[in-house]
Structures are given as C-alpha cells and as structure tokens.
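*Asks:* Just passing along the structure, written as structure tokens.
There are 2 protein chains.
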Amino acid sequence: MAGPSRWNEIMDVKTVCLGMLTDGPASGYDMKKCFESSFGHFFPAGYGSIYPALATLARNGMVEFENVLQSGKPDRKVYSITEKGRKELMKGLINPNATHRIRSEFLAVLWFAHLMNAEQIDEMIDRKLVEIDAFLQLIDEFPDCNSDSAPKGARFVAGFGRHMATQFREYIENNRALLVEDETIETGQRAAAR
Amino acid sequence: MAGPSRWNEIMDVKTVCLGMLTDGPASGYDMKKCFESSFGHFFPAGYGSIYPALATLARNGMVEFENVLQSGKPDRKVYSITEKGRKELMKGLINPNATHRIRSEFLAVLWFAHLMNAEQIDEMIDRKLVEIDAFLQLIDEFPDCNSDSAPKGARFVAGFGRHMATQFREYIENNRALLVEDETIETGQRAAAR
DNA sequence: TGCAGCATGTAATTTGTTACATGATTAA
DNA sequence: TTAATCATGTAACAAATTACATGCTGCA
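Residue numbers (this note's numbering), protein chains in the order written: chain P, 17 to 210; chain V, 17 to 210.
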C-alpha cells in the first residue's frame, strides 16, 4: 500500500467525515454544520481540519466529488464515499481501545481555587452553568439525534451528552460551596510535610 | 514585554506546572507523577510537554532551579516558583471562559453503531467499563485529593472525577442495549428525505 | 451601509505526542 | 539477567487552531 505516510486506523477527522458520508453525499460546509451541532461536543472540528481531511480522502480514493454550480451562491463540492472509503471506515470503526479524552482548563483552574478569591471562582462557575444550559437546550433541538428514525448510535450519543451535561451541572451546583469556603493558604506546607 | 512570541494567559501545561510549584519545589519528574495521578484524567501531559514547559518558564524568569546531586541516582533539577511566576499564574487563573473539552473516539465510533456488528460494540464497551472501574479505584487512592488536609480545589476536582466516571458507567450500562438492537441499515435514506 | 450566510481553501503557528538517547541502581 | 525506578532532555512528527484570502446575495 502506497499511502502518503502511514494510513490511519484511528477515529480522526478523516474517519468521521467518511462516516458522515455513509448517510449520503455532502459538502465540507454541510459537514461543518454537523460538527457544530451534533458532533461538536465530543469531537470538535473546524474548516481548517475538515477541508484538508476531505482533500486527503479524495487524493487516496476514499471519496469522490462533484462540482455543483449554484445560481447566486458559490459552487459546492459534493463528496460521496467510495467502496474503498467504506472499507477504510470499517477499519477505523473496529477500535476496541477507542479513547475518551478530557482536557479541562476549567478543572485545572479550580484545582488551585485556594489561590483565588470567591468572586473569580463564582464568575467562572456561573458562566459554565450558562454554557451547560445552552448546550442542553441545543441538544434537544436536533432531530438527527432525537427522532425515532435517527440511527441508534446518534440517539445513544445524544442521550449520553444530555446525561453527562446534566450531571456536570448537578455536581457543580451541589459542591460549589466547598470552593468558596475559607481556607488558610498554606503554600509550601504540604511540601514541607514530605 | 519581550517574550519569545506572545506570552500566554491561558491554562496550559506551563501554567499548571507553575501552579504545582506553589505547593513547594519540585522536579519535572515529580510533576510527571502528579500528572499521571491526580491531574492526568482532566489535563494529561507527558515528559515531552513538561520538560520544554519548564525550560521555557526558566528562560522567562517564572521559575528558578537548583541542581541537586544524589548518590547513586541521577541529578535532579528542583524548580521553585518566582514572584514573577506567581503573578503570571494569577493571570492564568483569572479566566472566566476556561474551557472543558472532550475528544472522544469512543463516542464517535458509537455514533456509527448501525454500521457495526454487536460483538465489536460489546467488546469496545466492555473494555471501556474496565477502564472506568480502574480509574474509580485509582482516584480513591490518592491522598492529595481525598484527605481533609488537601486543598479544597483538589477535593472538588477529585469528587468531580468520581461523580462523572460513575455516571459515565451508569449511562453506558443502562443504555448499551439500545446499541445492539436490530436496525435496518438504511444508508442514504435520511439524506434522500431532505 | 453593513453584516450574516453561503462556500472554499491555504499558510502560519501552536501544541502536544512519540520515539530516541543516556545511564546508574536495585529488586526479582 | 531482566525489568523497573530514577532522571533529564531533544528531535521528529502529527494534528488541530487561527488567521488570511476571496466574493456574491439578501436582509435590516
């Protein structure tokens, strides 16, 4: 096999794009909308990753595209998955050790709550709660996850998002008082105890 | 200010290292252990990010270090935070829009459950459950999060990890049946309906 | 008049991961 | 003797984000 370097067998932006195309042809712009809505909260991607991903997939024969002219609007490149692409997708899907990674500035900041004052902590938490509420509202509005005709995976994942966001909210509300409690700032004390 | 490019005001590996040093001097190796245990699950970092981060911090006067010779063991570079570093840390800590990002191959794969067979799904989920259980056991073993003497932030964050992992587990167990249900694979149907 | 939406892409930059490189000690 | 722990670092690579670049239409 003569790929550009080594061909991936993991779930990256390329593989997700491939997967989206099993639902029918779409343009990069369409996929971006999908990443913004349903996919975005657990697998974010912007134009800067989608367009190069599509270009690579096309170079390797995983997808085909058709230039669709539109009146008054820019042309669209409408991509379709090929047989080869389908096989590649299946390889990406069989991944028993699929990761689930979190990178949270929010928690990293809160870890050092004893160095901050209550107002700073409260503001950050309040904003996070607003963010969560917006997300919960958003997730209920997507028909491609919530209707009975939606694929089982989409329903499962949307439900997961709802559940985890709800629990995120609940934990914060039930425990935020702990963070603004008075606590002696004892820099270096714990280290000295070693 | 004449930084190397533009100095960060976000919570990155550098800022976290700075924060860890408020608890007392430490080496890169020490910090790695901290990233592996308490920090790792919400803010992962390896040697490849820690050592360069420390080098940059030292170049910019945010930390100082002392070479500590040891008998039989390699030398340690023991870092301490400076006054300048403390100020920089506070800037990183005041970040009302701190992010909380998830990147989940696991959910991305499951989104396409209708393209997979039940065994593949089951194996992936079973492994994930084992992973979660291992994490839950791990998090209960760290005294720097669970004892009363631990800073409030650490206790809050550890509790968060415990809560979310528990809920992760619960959702999966309660809903996994949905994923292996029979479902007609209707590729392109939903697209055609548009 | 100005902004939002449609639509594509490249280039620069940032950031992190993985592999490489070294080398002594200690316990199994 | 083999692996693990201690301990630091660089270089190559992969990946994603951000900014840049273009340009028309329709609405307020």
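For each residue, glycine too, the CB sits at the ideal point set by N, CA and C.
Would you say Leu194(V) lies against chain P (beta-carbon separation less than 8 Å)?
*Replies:* Numbered from its first residue, the second sequence carries residue 194(V) at position 178. So, interface residue.
*Asks:* From what residue to what residue does the beta strand (DSSP E) around Ser96(P) run?
*Replies:* Walking along the first sequence from the start, residue 96(P) turns up at place 80. Taken as a continuous stretch (DSSP letters only), the beta strand (DSSP E) holding Ser96(P) covers 92–97.
*Asks:* Between Phe58(V), Thr98(V), Gly77(V), Asn83(V), which has its C-alpha nearest Gly177(V)'s C-alpha?
*Replies:* Here residue 177(V) refers to the residue found at position 161 of the second sequence. Ranking the options by Cα distance to Gly177(V), first place goes to Phe58(V).
*Asks:* Measure the C-alpha to C-alpha separation of Cys50(V) and Ser163(P) and round it to an integer number of angstroms.
*Replies:* As a first step, residue 50(V) must be located in the second sequence, where it is residue number 34. As a first step, residue 163(P) must be located in the first sequence, where it is residue number 147. Rounded to the nearest angstrom, the two C-alpha atoms are 44 Å apart.
*Asks:* Report yes or no: is there a C-beta of chain V within less than 8 Å of the C-beta of Pro167(P)?
*Replies:* The residue labelled residue 167(P) in the question sits at position 151 within the first sequence. Cβ-Cβ to chain V under 8 Å: yes for Pro167(P).
*Asks:* Does the beta carbon of Gly35(P) come closer than 8 Å to any beta carbon on chain V?
*Replies:* Here the question's residue 35(P) lines up with position 19 in the first sequence. For Gly35(P), the answer is yes, since a Cβ of chain V falls inside 8 Å of its Cβ.
*Asks:* Which term fits Ser120(P), buried or exposed, when burial requires 16 or more other beta carbons within 10 angstroms of its beta carbon?
*Replies:* Position 104 of the first sequence, counted from the first residue, corresponds to residue 120(P). So Ser120(P) ends up on the buried side.
*Asks:* Are at least three pairs of beta-carbons, each pair with one atom in the stretch 132–151 of chain P and one in the stretch 147–158 of chain V, less than 8 Å apart?
*Replies:* No, the stretch 132–151 of chain P does not touch the stretch 147–158 of chain V.
*Asks:* Where does Asn113(P) fall in DSSP's three states?
*Replies:* Locating residue 113(P) in the first sequence gives position 97, where the first residue counts as 1. Three-state DSSP puts Asn113(P) in coil, outside helix and strand.
*Asks:* Which residue marks the beginning of the alpha helix (DSSP H) containing Glu121(P), and which one marks its end?
*Replies:* Translated into the one-based positions of the first sequence, residue 121(P) becomes position 105. Here the alpha helix (DSSP H) through Glu121(P) covers 121–127.
*Asks:* Closer than 8 Å, CB to CB, is Leu199(P) near chain V or not?
*Replies:* Start at 1 with the first residue of the first sequence, and residue 199(P) comes out as number 183. According to the sequence provided, residue 199(P) is Glu. The question's Leu does not apply to it. So, interface residue.
*Asks:* At least one CB of chain V closer than 8 Å to the CB of Ala170(P): is that the case?
*Replies:* Working through the first sequence from its first residue, we reach residue 170(P) at position 154. It does; some Cβ of chain V falls within 8 Å.
*Asks:* Is the Cβ-Cβ distance between Leu70(P) and Gly44(P) less than 8 Å?
*Replies:* Position 54 of the first sequence holds residue 70(P). Position 28 of the first sequence holds residue 44(P). For Leu70(P) and Gly44(P), yes; Cβs fall inside 8 Å.
*Asks:* Just to make sure I have the definition right: I need the residues of chain V whose C-beta is within less than 7 Å of the C-beta of Pro112(P). Which are they?
*Replies:* Residue mapping note: residue 112(P) aligns to position 96 of the first sequence, counting from 1. Result: Glu139, Met140, Arg143.
*Asks:* Mind checking if Val146(V) is an interface residue toward chain P, Cβ cutoff 8 Å exclusive?
*Replies:* Here residue 146(V) refers to the residue found at position 130 of the second sequence. It does not: the Cβ of Val146(V) has no partner Cβ on chain P nearer than 8 Å.
*Asks:* By the criterion of Cβ-Cβ separation under 8 Å, what are the contact partners of Tyr187(V) in chain P?
*Replies:* The residue given as residue 187(V) occupies position 171 in the second sequence. In chain order: Gly175, Phe176, His179, Met180.
*Asks:* Opposite Asn83(P) in the DSSP bridges: which residues?
*Replies:* What you label residue 83(P) is simply residue 67 of the first sequence in a count that begins at 1. Answer is Lys93(P), bridged to Asn83(P).
*Asks:* For a quick check, are the C-beta atoms of Phe122(V) and Lys144(V) less than 8 Å apart?
*Replies:* Position 106 of the second sequence, counting from 1, holds the residue named residue 122(V). Position 128 of the second sequence, counting from 1, holds the residue named residue 144(V). Yes, these two residues count as a Cβ contact at 8 Å.
*Asks:* Closer than 7 Å, Cβ to Cβ, to anything on chain V: give me those residues from the stretch 89–118 of chain P, in chain order.
*Replies:* Cβ contacts with chain V: Leu109, Ile110, Asn111, Pro112, Asn113, Ala114, Thr115, His116, Arg117, Ile118.
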